[in-house]
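K.L.:
Here it is, the structure in full.
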Amino acid sequence: MKKKEWIKTICFIAGFFLILIPLTYIIRTNGDIKDIFVGFYAEKEDTIDVVMIGSSPVYPYYAGPKIWKDTGITCYPLSSNMQRPKAAVHLVEEAEKTQDPGLYIFELRMYLGPDERLTQNMAYTRGVTDNMKYSWNRIKTINALVDPDGPEPRYTYYFDIFKYHSNWKTMVLPSQIVTFRYEWPDSLKGAVIRDDVGPSEIADFSWVTERQAIPEDQEEVLRELLSCLQEKGLNALFIVSPNTMTEEKQRQYNYIADIIAPTGYGFLNLNDYYEELGIDFETDFDDYGGHTNAFGMEKCSAFLGEYLSTHYDFEDKRGREGYESWDKAAELWEEQTESAKQTILDKIARKEFKVIEEEE
């Protein structure tokens, strides 16, 4: 091939990707998870103190704007529904590209079940891979999470436009167009406020001291994550968010705590602090003890903020230039939370409880 032909070929390939990548970003399905990731990429470099990684017991539980208002600590989630623990190490690498957080928080609920169960619906995998920017790390994430002999070919993950090409009609939506770089500020800094209610009952098993092993594959993933964090010199806190507990769950979390302890990283099971949280299982959950609503989010955020400011050495950045967006987020969060809480109270008065069609 002649030099001129090589140049034409290279230019064509470059032009192809210059069009493909922003087009893919635009037509990726919109929603809370896309907003969370797009918002994270839009944050100014080296301004996030805490990155929270994990499944859905993150973004409806812990509100960065509330933690900011109370402590001056910037906290942002990299969370998705039913997020596979295998993704955590890759999300750390993704976060490190633009941020230098003093702490990573990992939510542990998904470590109790085998990874195979999470691969029965690959939407849980796509919640991570299809919300990452195109990069070498994204390729590594896909290779780690997607079986080459799985039901969906890997190329549909590498080039997820194959999955979302039918979304072409959404290209005219302003909210989609602005994501062409996969960067657009999230007004609530990744928090998702829920206004449904599903009453439950407290099941306190904090007295349980026995240990029960978690699935072998998840234990391996956890140990690999701990090794990675130590090698990189990163600080971490592992948490369990309030939910309807069982004795078996408590034994498994005790087992996880034993694995984490030798590393020196923190472990916090919020189910051992119901009284300090002031959590009310009759009013503070939107789906019968699975995920918190606005009442529960406010309490969990306040508790976590206090814990972070007490146990870690973070600088209070309130009032500092360059963090005005966090003040605006706090104001918006308060306004929307008050509205959501009133909606919840109205639903409680009418006994209008959430109907669960499919477990998340």
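In case it helps, my numbering puts the sequence shown at residues 23 to 382. Virtual Cβ for every residue (Gly too), placed ideally from N, Cα, C. For clarity, every value in this text was computed on a predicted model and none was experimentally measured.
1) Please list the terminal residues of the continuous beta strand (DSSP E) segment that includes I127.
2) Quick one: measure Cβ to Cβ for K155 and G61, integer angstroms, because I've assumed they're closer than 8 Å.
3) By Cβ distance below 6 Å, which residues in the same chain neighbour Y310 in space, the five residues on each side in sequence not counted?
4) Tell me the residue span of the beta strand (DSSP E) that contains P99.
5) Apply the 10 Å Cβ neighbour rule to N15 and answer buried if 16 or more other Cβ atoms are within range, or exposed otherwise.
6) Could you check what DSSP says for A258 in three-state terms: helix, strand or coil?
7) Buried or exposed: where does I278 fall if 16 or more other Cβ atoms within 10 Å of its Cβ makes it buried?
8) Using only CA atoms, which one of D338, E118 and L134 lies nearest to M267?
9) What does the Cβ neighbour count give for F184, buried or exposed, with the cut at 16 atoms within 10 Å?
10) Quick test of your reading: Q240 and P107, contact by CB under 8 Å. State the CB separation rounded to the nearest angstrom.
11) State the beta-bridge partners of N291 as determined by DSSP.
12) Among A85, Y63 and I95, whose alpha-carbon lies nearest the alpha-carbon of Y334?
13) Quick check on this structure: which residue in K56, K363 and Q364 has the alpha carbon closest to the alpha carbon of W206?
14) How many angstroms separate the CA atom of N291 from the CA atom of I43?
15) Within a Cβ cutoff of 6 Å, which residues of the same chain sit near E304, ignoring the five residues on either side of it in sequence?
16) Tell me whether the segment 113–120 and the segment 146–164 touch, counting them as touching only if at least three CB pairs, one residue from each stretch, are closer than 8 Å.
17) Would you kindly work out how many angstroms separate the C-alpha atoms of P175 and V80, rounded to a whole number?
18) Quick check: K91 and A362, are their CB atoms within less than 8 Å of each other?
19) Assign V114 to one of three DSSP states: helix, strand, or coil.
20) Ordered along the chain, which non-local residues of its own chain (more than five positions away) have a Cβ less than 7 Å from that of L236?
P.N.:
In short:
1) L125 to E129
2) At roughly 13 Å, the Cβ-Cβ gap does not stay under 8 Å, so K155 and G61 are not in contact.
3) G220 and S222
4) C97 to S101
5) Residue 15 lies beyond the residue range present for the chain, which begins at 23 and ends at 382; the question has no answer from this structure.
6) strand
7) buried
8) L134
9) exposed
10) 6 Å
11) V262
12) I95
13) K56
14) 41 Å
15) P221
16) yes
17) 30 Å
18) no
19) helix
20) For the sequence presented, residue 236 should be read as Ile rather than Leu. Same-chain partners within the cutoff: Y133, L134, Q274, Y277 and I278.
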